[in-house]
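**Student:** Residue numbers (my numbering): 66 to 307.
Note that CB positions come from ideal geometry on N, CA and C, so glycine has one too.
One structure, as structure tokens, below. Some questions next.
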Amino acid sequence: MYKVISFDLDHTLCDTDSANAKGYDAFEHVISNSGLVVDSFRFSNDYLEGVYRKLPEPLYSTLSADCTEAQYRLNLLDFLLRQHGVISPNKQLVELLQITFDRERLKAFDFFAGAKDVLLKLRTEGYLLAVITNGPAFSQLPKLERVEMDALVDYVLVGGLEPHQKPHPTIFNKLLNNFRCFGNEVLHVGDSHQCDVEGAVNAGLDAIWIAPLQSQPSSIAISTISSILELDTILSIQSNGK
Numbered sequence: 066m067y068k069v070i071s072f073d074l075d076h077t078l079c080d081t082d083s084a085n086a087k088g089y090d091a092f093e094h095v096i097s098n099s100g101l102v103v104d105s106f107r108f109s110n111d112y113l114e115g116v117y118r119k120l121p122e123p124l125y126s127t128l129s130a131d132c133t134e135a136q137y138r139l140n141l142l143d144f145l146l147r148q149h150g151v152i153s154p155n156k157q158l159v160e161l162l163q164i165t166f167d168r169e170r171l172k173a174f175d176f177f178a179g180a181k182d183v184l185l186k187l188r189t190e191g192y193l194l195a196v197i198t199n200g201p202a203f204s205q206l207p208k209l210e211r212v213e214m215d216a217l218v219d220y221v222l223v224g225g226l227e228p229h230q231k232p233h234p235t236i237f238n239k240l241l242n243n244f245r246c247f248g249n250e251v252l253h254v255g256d257s258h259q260c261d262v263e264g265a266v267n268a269g270l271d272a273i274w275i276a277p278l279q280s281q282p283s284s285i286a287i288s289t290i291s292s293i294l295e296l297d298t299i300l301s302i303q304s305n306g307k
């Protein structure tokens, strides 16, 4: 039986896509009020690509060189405005876009329906709980605070504060060391097959994959599910099997 269950944050416990959509709305509002002719939906998509580090090189390195996460995002917004036809973006506009996006997205950031109850039930059943989330402290710490995660789990690891993020084994090893347990005593649950499933399995943990609809089951996860709400059933099966 597992002693510890760890979870990814975004798209696993929390509905990040819905929160992002509120950020999109914020961009649209600011851009519309500024009088600029910019496709706010495409602009928003491009911004999140940059936030999630999906920019090609050397562009990412150029925008992020020698600066904080906050400054990187301002640089990204300035660059994207120029890419979308704004010749000389106003500094105040760039700052307003960032502030408004972050504020409205964070206000909307919350658990998937029923996910908080899953955590509460697992705790009553005696499991130790953890969250391992990739991403910079700039964005992840406010999200964790927003949902009061410290009151719901026993341990939190933010990849941006560690030497390596998921799927690197060291972040999973730090989890094991914290709870003084072996890999086969820990189950990790997440939506990224590479970061959560492969990362956990390579570190000696069991993993459950929360997969997109119509995905083929993972060959290395102990189970593939579509929602965190299915976890209780899987744990019951595992417990009865042991």
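Based on the DSSP output, what are the partners of D75 in its beta bridges?
**Tutor:** DSSP output for D75 lists C79 as bridge partner(s).
**Student:** Leaving out five residues before and five after A276 in sequence, what residues of the same chain have Cβ atoms less than 8 Å from its Cβ?
**Tutor:** Cβ neighbours of A276 beyond the five flanking positions: D256, H258, P282, S283, T289, I290, S291.
**Student:** Roughly how many angstroms lie between the CA atoms of I70 and R188, to the nearest whole one?
**Tutor:** Cα to Cα, I70 sits roughly 10 Å from R188.
**Student:** Reducing DSSP to helix, strand and coil, say where V103 ends up.
**Tutor:** DSSP places V103 in coil when its eight states are reduced to three.
**Student:** Starting from the C-beta of S304, find all residues in its chain whose C-beta is less than 8 Å away, skip the five residues before and the five after it, and write them out in chain order.
**Tutor:** For S304, where only same-chain residues beyond five positions count, the Cβ hits under 8 Å are M66.
**Student:** Which class does G179 belong to by DSSP, given the choice of helix, strand or coil?
**Tutor:** Of the three classes helix, strand and coil, the one that applies to G179 here is coil, per DSSP.
**Student:** Return the bridge partner residues of V69 from the DSSP annotation.
**Tutor:** Its beta-bridge partners are L193, V251.
**Student:** Is L222 helix, strand or coil by DSSP?
**Tutor:** In this structure, L222 counts as strand in the three-state DSSP scheme.
**Student:** Name, in chain order, the residues that DSSP records as bridge partners for T198.
**Tutor:** According to DSSP, which records beta bridges pairwise, T198 is partnered with V223.
**Student:** Run through DSSP, which three-state label would A216 get?
**Tutor:** Note: A216 maps to helix in three-state DSSP.
**Student:** Assuming L171 and R211 are in contact, meaning their beta carbons sit under 8 Å apart, how far apart are those beta carbons, in whole angstroms?
**Tutor:** The pair is a contact, with the Cβ atoms about 6 Å apart (cut-off 8 Å).
**Student:** Skipping 5 residues on each side, what residues in its chain have a beta carbon closer than 6 Å to that of L141?
**Tutor:** These residues qualify, in order along the chain: G115, L128.
**Student:** Starting from the C-beta of K68, find all residues in its chain whose C-beta is less than 8 Å away, skip the five residues before and the five after it, and write them out in chain order.
**Tutor:** Around K68: Y192, L193, F244, C246, E250, V251.
**Student:** Taking C-beta to C-beta, are I166 and F108 nearer than 7 Å?
**Tutor:** The sequence given here has Phe at residue 166, not Ile. Taking 7 Å as the Cβ cut-off, F166 and F108 do not qualify as a contacting pair.
**Student:** Just to check my reading of the structure: A268 and G248 have Cβ atoms closer than 8 Å, yes? What is that Cβ distance to the nearest angstrom?
**Tutor:** That pair is a contact at about 6 Å.
**Student:** Grab the span of the beta strand (DSSP E) containing S126 for me, first residue to last.
**Tutor:** That residue, S126, is in no beta strand (DSSP E); its alpha helix (DSSP H) goes 124–129.
**Student:** Assuming the contact rule is C-beta atoms closer than 8 Å, L240 and L217 should be a hit. Round their C-beta distance to whole Å, please.
**Tutor:** 16 Å between Cβ atoms; not a contact.
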